[in-house]
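**Q** In the numbering used here, the protein residues as written are 79 to 367. In this text, a Cβ means the ideal position worked out from N, Cα and C, and glycines have one as well. Note that the coordinates shown come from a computational prediction; the quantities given were computed from them, not determined experimentally. Structure in structure tokens, see below.
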Amino acid sequence: MKLRIFIFIASLIIALFLFAACSPVRFLNTITPSGSYKLAKDIAYGDGERQKLDIYQSSKPKPGAPIVMFIHGGSWDTGSKNIYKFVGEAFASQGYTTVIPNYRLYPDVVYPKFINDTAAAIAYTAKRYPEQGLIVIGHSAGAYNAMMATVEPKYLQAQGVEVCRAIAGMVGLAGPYGAFPLKAERLLIIFPDRHTADDAPVNLIKGPTPPIFMAIGDKDTTVSELHSTALQKLIRARGGKADYKMYPGLNHTDVVKVLSRYFDGDSELKGDILRFIEANSQKRPNYCH
């Protein structure tokens, strides 16, 4: 009897492992509970097919809590909000209503259209929740988009919103911020004006920014930590608040995976993000000068 139970459990674990190996994110979404939120899907923030967002309305929102927005990665040519149910649940279960937008991708658009879309989603959310601040979290390409919308005011100004009155804080997970020139041919096509100085966050820090927290895993072979350390140095030199931390054992995608309730014990990262959100939970920021 004990042997049969052991074989059953072992078989189940192997099946789950194989399923996860084939599609780890879909697997996470499949086993993620939905009782902590009410989902509003495909809300338009623009006219395009991909200019839509999902809202994970927390079932037990913290009083006065900021809204969390997550910008997905994918090298500007892949990715979807539908993949990240587990991220919406991760923050909604902590009392934070969470917004996850899509944005247009290559080959339909090139730089800076995906930043324009990110800014439009931020502006839509800021106007929808006028009494609450916004914590913007981005991963990889999404971290680049979010950082550009945070440190270059023109993107939100084009949407009728000031960064300093909308974004209470920004979290960048394994983001490429322009410490090195692009070399991959595909990226040179996506960024046709790469030889100009206005498409990299490291070239755009002119004054104080919202509080920024940057994180990367020490096993990341996709993005160098020097992007984060260089940007942190520039932000601090110009009077802004920027923190950076490297997490042992995490690779480029692990920094998102550990947001899931099933993997958050593998790293301190999720707890650090929640502490950052709590520390920047003022209602609507206003550090305009």
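Closest by CA to Ser137, which one among Ile145, Ile313, Tyr115, Ile351?
**A** Checked all of Ile145, Ile313, Tyr115, Ile351; the closest Cα to Ser137 is Tyr115.
**Q** Where do the ends of the alpha helix (DSSP H) carrying Val377 lie?
**A** Here the chain has residues from 79 to 367 only, and residue 377 is not among them.
**Q** Taking all protein chains shown into account, decide if Leu266 is buried (16 or more other Cβ within 10 angstroms of its Cβ) or exposed.
**A** When all chains shown are included, Leu266 counts as exposed.
**Q** Could you check the C-alpha separation between Pro289 and Leu234 for me, to the nearest Å?
**A** Near 17 Å, if we compare the C-alpha coordinates of Leu234 and Pro289.
**Q** Can you say whether Gly250 is buried or exposed, counting buried as having 16 or more other CB atoms within 10 angstroms of its CB?
**A** Label assigned to Gly250: buried.
**Q** Would Ile355 be called buried (16 or more neighbouring beta carbons within 10 Å of its own) or exposed?
**A** Per the 10 Å Cβ criterion, buried.
**Q** Taking only three categories from DSSP, how would you classify Asp176?
**A** Note that residue 176 is Thr in the sequence shown here, rather than Asp. Three-state result, Thr176: strand.
**Q** Taking DSSP as the reference, what is the three-state secondary structure of Ala357?
**A** If DSSP states are grouped into helix, strand and coil, Ala357 belongs with the helices.
**Q** Counting only runs of 4+ residues fully inside the region 166-232, write out the alpha helix (DSSP H) ranges in chain order.
**A** If we require 4 residues or more, the alpha helix (DSSP H) runs fully inside the region 166-232 come out as 191-206, 219-229.
**Q** Would you mind working out which of Leu131, Ile215, Ala246, Asp296 sits nearest Ala143, comparing C-alpha positions?
**A** Closest by alpha carbon: Ala246.
**Q** With a Cβ-Cβ cutoff of 8 Å, do Asp296 and Met324 count as a contact?
**A** Contact flag set, yes.
**Q** Classify Gln235 as helix, strand or coil using the three-state DSSP reduction.
**A** Looking at Gln235 - three-state DSSP - the assignment turns out to be helix.
**Q** Do the region 276-285 and the region 324-340 make contact, defined as three or more Cβ pairs closer than 8 Å?
**A** The region 276-285 is not in contact with the region 324-340.
**Q** Flag this pair as touching only if the region 216-231 and the region 191-207 have three or more C-beta atom pairs under 8 Å; answer yes or no.
**A** Yes: at least three Cβ pairs fall under 8 Å.
**Q** What's the C-alpha gap between Ile294 and Ile351?
**A** For Ile294 and Ile351, the distance between alpha carbons rounds to 12 Å.
**Q** Does the region 210-219 come close enough to the region 139-155 that 3 or more CB-CB pairs lie under 8 Å?
**A** The answer is yes - the region 210-219 touches the region 139-155, with three or more Cβ pairs under 8 Å.
**Q** Based on the DSSP output, what are the partners of Leu251 in its beta bridges?
**A** DSSP output for Leu251 lists His217, Ala293 as bridge partner(s).
**Q** Considering Gln135, what are the terminal residues of the beta strand (DSSP E) in which it resides?
**A** Start and end: 130-136.
**Q** Need the endpoints of the beta strand (DSSP E) that Ala320 sits in, please.
**A** Ala320 -> beta strand (DSSP E) spans 320-325.
**Q** By the 10 Å Cβ neighbour count, where 16 or more other Cβ atoms means buried, how is Gly113 classified, buried or exposed?
**A** Exposed, by the Cβ-count rule.
**Q** In terms of residue numbering, what span does the alpha helix (DSSP H) encompassing Lys311 cover?
**A** Here the alpha helix (DSSP H) through Lys311 covers 304-315.
**Q** According to DSSP, is Ala244 helix, strand or coil?
**A** Ala244 falls in the helix class under three-state DSSP.
**Q** Sorted by chain position, which residues of the same chain lie with C-beta nearer than 8 Å to Ile161's C-beta, five sequence neighbours on each side aside?
**A** Val103, Arg104, Asn107, His150, listed in sequence order.
**Q** Counting only C-beta atoms, is Val187 closer than 8 Å to chain B at any point?
**A** No chain B appears in this structure, which consists of one protein chain only.
**Q** Among the residues of its own chain, which have a CB less than 6 Å from the CB of Thr170, if the five just before and after it don't count?
**A** First, the residue type needs correcting, since residue 170 is Ala and not Thr in the sequence shown. Same-chain partners within the cutoff: Ser114, Tyr115, Tyr134, Ser136, Thr176.
**Q** How many Å lie between Asp271 and Pro139 at the Cα?
**A** In a straight line, the C-alpha of Asp271 is about 43 Å away from that of Pro139.
**Q** Would you mind giving the Cβ-Cβ distance between Gln364 and Arg243, rounded to the nearest angstrom? I have them listed as a contact below 8 Å.
**A** The sequence given here has Asn at residue 364, not Gln. The Cβ separation is near 5 Å, so the contact holds.
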